[in-house]
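S.K.:
Residue numbers (the working numbering), protein chains in the order written: chain P, 1 to 256; chain R, 1001 to 1390.
1) Exposed or buried, residue 1192 of chain R, counting other C-beta atoms within 10 Å across all chains shown (16 or more means buried)?
2) So, using beta-carbon positions, are residue 1017 of chain R and residue 1003 of chain R closer together than 8 Å?
3) Which runs of the alpha helix (DSSP H) at least 4 residues long sit entirely within the region 1042-1086 of chain R? Give them in chain order.
4) Which residues in the same chain as residue 1009 of chain R place their Cβ atom closer than 6 Å to its Cβ, once the five residues preceding and following it in sequence are excluded?
5) Going along chain P, which residues have a C-beta under 7 Å from residue 1093 of chain R?
6) How would you list, in chain order, the residues of chain R whose beta-carbon sits under 7 Å from the beta-carbon of residue 342 of chain P?
7) With a threshold of 8 Å between beta-carbons, can residue 244 of chain P be considered close to chain R, or not?
8) Taking 8 Å as the threshold (beta carbon to beta carbon), is residue 66 of chain P in contact with chain R?
9) Assuming residue 1256 of chain R contacts residue 1144 of chain R under a Cβ cut-off of 8 Å, what Cβ separation, rounded to an integer in Å, is found between them?
10) CA-CA distance, residue 1115 of chain R and residue 1296 of chain R?
11) Pull up the distance between the alpha-carbon of residue 93 of chain P and that of residue 178 of chain P, whole angstroms please.
12) Just by C-beta distance, which residues in the region 1020-1035 of chain R are closer than 9 Å to chain P?
13) Going by other Cβ atoms of all chains shown within 10 Å of its Cβ, with 16 needed for buried, is residue 1120 of chain R buried or exposed?
14) Verify whether the separation of the beta carbon atoms of residue 1080 of chain R and residue 1094 of chain R is less than 8 Å.
15) In angstroms with no decimal places, state the Cα-to-Cα distance between residue 110 of chain P and residue 83 of chain P.
16) Relative to the alpha-carbon of residue 1227 of chain R, which residue among R:1266, R:1359 and R:1066 has its alpha-carbon at the smallest distance?
17) Determine, using beta-carbon pairs with one atom in the region 1266-1273 of chain R and one in the region 1197-1206 of chain R, whether at least three such pairs fall under 8 Å.
18) Using a threshold of 8 Å, state whether the C-beta atoms of residue 1260 of chain R and residue 1177 of chain R are closer than that.
19) So which residues on chain P does residue 1107 of chain R lean against when the C-beta distance must stay under 7 Å?
20) Hey, is residue 1370 of chain R's beta-carbon within less than 8 Å of any beta-carbon in chain P?
21) So which residues on chain C does residue 1136 of chain R lean against when the C-beta distance must stay under 8 Å?
22) Considering only the alpha carbon of each residue, which of P:61, P:242 and P:205 lies closest to residue 1073 of chain R?
23) Cβ of residue 1118 of chain R within 8 Å of Cβ of residue 1126 of chain R?
24) Which residues in the same chain as residue 147 of chain P place their Cβ atom closer than 6 Å to its Cβ, once the five residues preceding and following it in sequence are excluded?
25) Mind listing the chain P neighbours of residue 1144 of chain R? Cutoff is C-beta to C-beta under 8 Å, in chain order.
26) Between the beta-carbon of residue 1137 of chain R and the beta-carbon of residue 1070 of chain R, is there less than 8 Å?
27) Please give the ranges of any alpha helix (DSSP H) in the region 1159-1224 of chain R, keeping only runs that are unbroken, at least 4 residues long and fully inside the region.
28) What is the residue span of the beta strand (DSSP E) that residue 1363 of chain R lies within?
29) Which word fits residue 1325 of chain R, buried or exposed, when buried means at least 16 other C-beta atoms lie within 10 angstroms of its C-beta?
30) Check whether the Cβ of residue 81 of chain P lies closer than 8 Å to any Cβ atom in chain R.
31) Measure the beta-carbon distance from residue 1085 of chain R to residue 1342 of chain R and round it to whole angstroms, keeping in mind my assumption that it falls under 8 Å.
32) With a threshold of 6 Å on Cβ separation, who are the neighbours of residue 17 of chain P within its own chain once the five nearest residues in sequence on each side are excluded?
33) Go through its chain and collect everything with a Cβ distance to residue 169 of chain P's Cβ below 6 Å, but skip five positions before and after it.
34) Which residues in chain P sit within 7 Å of residue 1087 of chain R, going by Cβ to Cβ distance?
35) Can you confirm whether residue 238 of chain P, when its beta carbon is compared against all beta carbons of chain R, has any partner nearer than 8 Å?
36) Count the other CB atoms within 10 Å of the CB of residue 56 of chain P; is the residue buried (16 or more) or exposed (fewer)?
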């Protein structure tokens, strides 16, 4: 049997994971929602025409079509960027009114509210239960810098500001303007009845990359924002109540 | 190390796999000295439990010697001999605090899978599909045991492994099943199924004060084992034309005061209902065969209790809930809260009041284990309980 006790999966990452991740900034959104759908549609039409047409003309059409599809999917147009114009809604704090995904979930944790509040208020603790967060750096009392992996596995990062807090009761954060994945959330803590601990309620809004297309894509892959919030809450409960996160990563298995 | 792994329907094999490691601070690693095949392992073997993956290590009844300790484990030391409960419990959540250990909130990393099917998830289990956490099981040379400060029970010197192994699952299961019957003086308890759990349930029911126990099964060997205690009467369900009538006769026309279903979802029968169940599960239109459940509901006396340790997984048909309602029955069921019973049952074993080893029919090596699954399933070779020494 092994002499040394290998590093725990829970909070301490391995050597490899502690190295600086390859950072890929997402190109900024500068194409509006409706225009993006139009872009994909016309791009698809062009590609179909290209296939029918063949020859050099077909290649050109196909190339154009692919470009249109790409700018529709990513929301970023290189030409617009050069020209300095944008048809996307102005990026503000948090999440634009009627777009994006909103998730509300509750969980009861068998610990006092003060303890839970103290734990989540320290942003460095967030990666311990938010599994898509690689790392959080604290900038000052109200600001921190979050590094995460997106649904597709790409590393993205943004700044976060605490915009409201009532100790042991409420905490609200928003991503800073220009974030690639605008998001905002509120955590509410309330004593659960008769010694059951604390009811933790989270309301979370996110405007994923590629807008609603990203949401549909995510639904196909199964990692919806709802599921993520639920899993993160479950991990918060585990860490708060037991000090570790239940896992089987690293256990043996047979021929498969 | 060597381990028995699931490879598909009716396919288990002995594989060479990496040794387990300490992963979380409350883990230990145990060198397995004795392990067993459970009746519920047959549900995995027969393909009744979803979310199994090829290569999953099986086994949830095991004991052995502590060989590695996580940084937070203070109650055990290397070399201690322990029996490990089949459910993994954190000891600190709402359910663990109330001794409902098999319903622990915090030990299933795949809780979302169980929540999809059942609404909420219980504790993670060793070797019992990914819906229950996907933990590598104990039909192996070594096992990683999480929350070792809560689960494993240290066994004192002087007690053989065979006498205490079943504290891991089937003895507490049988005891909880009998306890759930709320046995009063003069009660007659009927137990369906003379497999390991049923056999032990007959003994536990007597320990808890039952006047008499009626043991029901189709297999003569198992009925004989049940009746080794003279307070147990055997009823062969295949040879009894009218089971309900027979049960009434044995109880002065009242019906059994409580009924234990120690058979569960893969029940067999020859009635029309049983044939219907077979057809439905074979075509995947139903997931469980409730022959025994129906019989027990019909037989149980008014205001009696139905105690269900037998595993049910999904959905079943044609349950006479009307009869249960009309008679005001109480249903008590669920995965065993093993941790709650281990110490008191160990004490009973130490005092000689219980010796669960009488159910063991086969003593094998780990290599012979995969073959034994088939033997156990077919109840061949007088097979009642298979234990394996890795």
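Beta carbons are placed, not taken as given, at the ideal position from N, Cα and C, and that holds for glycine.
M.R.: Put simply:
1) buried
2) yes
3) none
4) 1047
5) 110 and 241
6) The structure shown does not extend to residue 342 of chain P, since chain P is modelled only from 1 through 256, so no value can be given for it.
7) yes
8) no
9) That pair is no contact at about 43 Å.
10) 29 Å
11) In this predicted model, residue 93 of chain P has a pLDDT of only 47, less than 50, meaning its place in the structure is not dependable enough to derive any value.
12) 1020, 1021, 1022, 1023, 1024, 1025, 1026, 1027, 1029 and 1031
13) exposed
14) no
15) 56 Å
16) R:1359
17) no
18) yes
19) 246
20) no
21) Of the protein chains in this structure, namely P and R, none is chain C.
22) P:242
23) no
24) 134, 135 and 157
25) 251
26) no
27) 1161-1164, 1170-1179 and 1196-1207
28) 1362-1365
29) exposed
30) no
31) 7 Å
32) A caution first: residue 17 of chain P carries a pLDDT of 42, below 50, which makes its placement in the model too unreliable to give a value.
33) 189
34) Residues of chain P passing the Cβ test: none, with the nearest at roughly 13 Å.
35) yes
36) exposed
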